[in-house]
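According to our numbering, the sequence shown holds residues 102 to 413 in order. Just so it is clear, CB atoms sit at the ideal spot from N, CA and C, and this is done for glycine as well. Computed from a predicted structure; not experimentally measured. Written out below as C-alpha cells is the structure these notes cover.
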Amino acid sequence: MTTTSQSIPVIDFGRLQNEATKAQGLEELRDAIFNVGFLYLVNTGLEPMIEDAHKFTRDIFELPVLDKASCHMSNSPSFLGYSGLREETTDKKLDIREQFDFGTEVASQDPGGEPWRKLEGTGQYPSTEVKAFVTSYIAAMTRLSTKFLHLVAECLSLPPTTFDDFIGNMSRLKFVKYPPSQSSGQGVGAHKDSLSLFTFLSQDQVGGLQVLNKSGEWIDATPIAGSLVVNIAQGFEAATGGLCSATTHRVESPTNITRYSIPFFQAINLDLSFDEIKLSATKIRDEIPVSDNGKKRAVDVPSDIISPYFST
102 MTTTSQSIPV
112 IDFGRLQNEA
122 TKAQGLEELR
132 DAIFNVGFLY
142 LVNTGLEPMI
152 EDAHKFTRDI
162 FELPVLDKAS
172 CHMSNSPSFL
182 GYSGLREETT
192 DKKLDIREQF
202 DFGTEVASQD
212 PGGEPWRKLE
222 GTGQYPSTEV
232 KAFVTSYIAA
242 MTRLSTKFLH
252 LVAECLSLPP
262 TTFDDFIGNM
272 SRLKFVKYPP
282 SQSSGQGVGA
292 HKDSLSLFTF
302 LSQDQVGGLQ
312 VLNKSGEWID
322 ATPIAGSLVV
332 NIAQGFEAAT
342 GGLCSATTHR
352 VESPTNITRY
362 SIPFFQAINL
372 DLSFDEIKLS
382 ATKIRDEIPV
392 SDNGKKRAVD
402 VPSDIISPYF
412 ST
C-alpha cells in the first residue's frame with residue numbers, strides 16, 4: 102500500500118496480530134506513520150464497546166444542566182470534568198462544543214509536590230454507571246494503545262518496548278458534543294495534540310474532522326464505521342526526535358445535525374525532563390532507518406508538546 106497525499110490509510114489491527122500477514126502490515130503502518138501521521142485502525146475487537154461508548158456519550162449530554170454543572174472542570178485541579186459551549190479557545194477562536202474530560206484514576210498528589218503532578222488525579226462523574234463504563238473503556242484503550250505503540254516501534258525497526266518509558270500514568274478520555282451551527286464554523290480550531298503519544302478517536306457518522314496533509318491541503322477524515330482514527334501527538338514526535346511528526350487537524354461544526362466524538366489520549370510520562378526526552382530521542386532517531394535528509398529536518402523538538410490542546 103502506498104499512501105497518497107489525498108488519503109488517510111486504513112490499517113487492519115487483526116493483520117498485525119497474525120504472523121502470516123504481520124510483515125506486510127508493518128510496512129503499511131510505517132508508510133502511514135512517516136507519510137501521513139493519521140490512519141484508520143480497524144478490526145480492533147473493541148467495536149461493541151465503542152458502540153456502547155457512543156450511547157453513553159449521547160446520554161450524558163442529555164442530563165439536566167445542573168447535573169453537568171456539578172461536575173464542572175473548574176472544580177478539578179487536574180482539569181477533569183464538564184466544560185460547556187465556547188469555554189475553550191483554539192487557534193484564537195472559541196470552540197463550539199461541550200465536553201466531559203475523564204482520565205485514568207490516579208491517587209491524589211502531595212500538595213507540596215511537583216506542580217505538574219496536579220495534572221494527574223481523580224475524576225468527576227455524573228453517576229456511578231458512567232464511572233464504571235469510563236473506567237472499563239480507558240482500561241481497554243490503554244491495552245490497545247500499548248500494543249499499538251509496540252507495533253509502531255517494530256515498524257520503525259526498533260525493539261517493541263522502545264517507547265515504554267515514555268508512557269505516563271494517566272491517559273485521558275473525552276466525550277464531545279458538537280451542536281448544529283447556523284453556518285459552518287469552528288468546532289475546534291487547527292491544532293496538534295499535545296501531552297500525549299497517540300490519539301485514538303471514535304467518531305460518529307456525521308463527519309467534520311479534517312487533516313492537514315503534507316501538501317498543505319485540508320482533507321476530510323470521512324467516518325468509517327467501527328474504526329478508530331489514530332494520529333501522532335506531539336509526545337511521540339518528541340520521542341522520535343521529530344522524525345515522526347504530529348499532524349495538524351481541526352473539526353468543522355456541523356450545520357444541521359449534532360456530532361459526537363470520543364478521543365482517547367495515550368499518556369506521556371510527566372516525570373521525563375526535556376533534556377531526558379532529547380537525549381533518548383537522539384538515540385532512537387539514530388537507530389531508525391531513514392534517509393539523511395529526514396534526519397536533518399528533525400533535530401530540535403520544541404517544548405510546546407506541553408500545551409492545553411486536548412482536542413479532537
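Could you compute how far the alpha carbon of residue i sits from the alpha carbon of residue j?
{"i": "VAL137", "j": "ASN314", "result": "7 angstroms"}
{"i": "ASP202", "j": "PRO324", "result": "23 angstroms"}
{"i": "SER108", "j": "LEU302", "result": "17 angstroms"}
{"i": "GLY146", "j": "THR243", "result": "14 angstroms"}
{"i": "ASN329", "j": "LEU310", "result": "Note that residue 329 is Leu in the sequence shown here, rather than Asn. Near 13 angstroms, if we compare the C-alpha coordinates of LEU310 and LEU329."}
{"i": "SER415", "j": "LYS232", "result": "The first residue shown for the chain is 102 and the last is 413, placing residue 415 beyond what the model contains."}
{"i": "SER362", "j": "ILE151", "result": "11 angstroms"}
{"i": "PRO355", "j": "ILE197", "result": "10 angstroms"}
{"i": "GLN225", "j": "THR300", "result": "22 angstroms"}
{"i": "LEU250", "j": "PHE139", "result": "14 angstroms"}
{"i": "GLU188", "j": "CYS172", "result": "15 angstroms"}
{"i": "VAL289", "j": "PRO149", "result": "28 angstroms"}
{"i": "GLY182", "j": "PHE264", "result": "29 angstroms"}
{"i": "SER175", "j": "PRO227", "result": "15 angstroms"}
{"i": "VAL402", "j": "PHE375", "result": "Note that VAL402 scores a pLDDT of 40, beneath 50, so its modelled location is shaky and nothing firm can be said."}
{"i": "ILE134", "j": "GLU230", "result": "37 angstroms"}
{"i": "GLY395", "j": "ILE385", "result": "In this prediction, GLY395 scores a pLDDT of 48, lower than 50, which makes its location untrustworthy; the coordinate-derived value is nonetheless stated afterwards. Cα to Cα, the separation comes out at about 14 angstroms."}
{"i": "ILE320", "j": "GLY327", "result": "20 angstroms"}
{"i": "CYS256", "j": "PRO390", "result": "10 angstroms"}
{"i": "THR348", "j": "ILE378", "result": "20 angstroms"}
List the residues that DSSP assigns as beta-bridge partners of residue i.
{"i": "GLU353", "result": "GLN287"}
{"i": "ASP202", "result": "GLY182, LYS275"}
{"i": "ILE197", "result": "Partner(s): none; ILE197 has no beta bridge."}
{"i": "PRO364", "result": "LEU302"}
When we look at the beta-carbon of residue i and count the other beta-carbons within 10 Å, is it buried (16 or more) or exposed?
{"i": "PRO409", "result": "Any reading at PRO409 must be qualified, since the residue scores a pLDDT of 42, below 50, and its modelled position is unreliable; the value itself is stated next. PRO409 is exposed by the Cβ-count criterion."}
{"i": "PHE411", "result": "Unreliable placement is indicated for PHE411, whose pLDDT of 40 sits below 50; the coordinate value is still reported in the next sentence. Answer is buried; the Cβ neighbour count reaches 16."}
{"i": "ASP372", "result": "exposed"}
{"i": "VAL166", "result": "exposed"}
{"i": "GLU338", "result": "buried"}
{"i": "SER316", "result": "exposed"}
{"i": "ALA240", "result": "exposed"}
{"i": "PRO110", "result": "buried"}
{"i": "GLU353", "result": "buried"}
Based on Cα-Cα distance, which residue from the options lies nearest to residue i?
{"i": "ARG131", "options": "SER346, VAL207, LEU195", "result": "SER346"}
{"i": "THR236", "options": "GLN306, HIS251, GLU206, GLU148", "result": "GLU206"}
{"i": "GLY269", "options": "ALA368, ASP160, LYS293, GLU338", "result": "ALA368"}
{"i": "THR191", "options": "PHE365, GLY336, ALA291", "result": "ALA291"}
{"i": "LEU186", "options": "TRP319, THR158, THR229, GLN200", "result": "GLN200"}
{"i": "SER297", "options": "LEU274, GLU255, LYS169, LYS384", "result": "LEU274"}
{"i": "SER258", "options": "GLN118, GLU388, PHE114", "result": "GLU388"}
{"i": "GLY115", "options": "GLU129, ALA124, VAL143, GLU128", "result": "VAL143"}
{"i": "HIS155", "options": "ASP305, PRO261, GLU353, ALA124", "result": "ASP305"}
{"i": "LEU245", "options": "PRO110, LEU117, ILE378", "result": "LEU117"}
Rounded C-beta distance between residue i and residue j? I'm assuming under 8 angstroms.
{"i": "VAL307", "j": "ALA322", "result": "Not really, about 12 angstroms apart at Cβ, beyond 8 angstroms."}
{"i": "ALA334", "j": "SER381", "result": "No, ALA334 and SER381 are not in contact; Cβ-Cβ is about 17 angstroms, not under 8 angstroms."}
{"i": "SER179", "j": "GLU221", "result": "6 angstroms"}
{"i": "ILE112", "j": "TYR141", "result": "7 angstroms"}
{"i": "TYR279", "j": "THR359", "result": "7 angstroms"}
{"i": "PHE267", "j": "GLY342", "result": "Not quite, the Cβ-Cβ distance comes to about 12 angstroms (not below 8 angstroms), so this is no contact."}
For the ligand GDP, any of its heavy atoms closer than 8 angstroms to the Cβ of residue i?
{"i": "GLU230", "result": "In terms of ligand content, the structure shown is empty, and the ligand GDP therefore cannot be addressed."}
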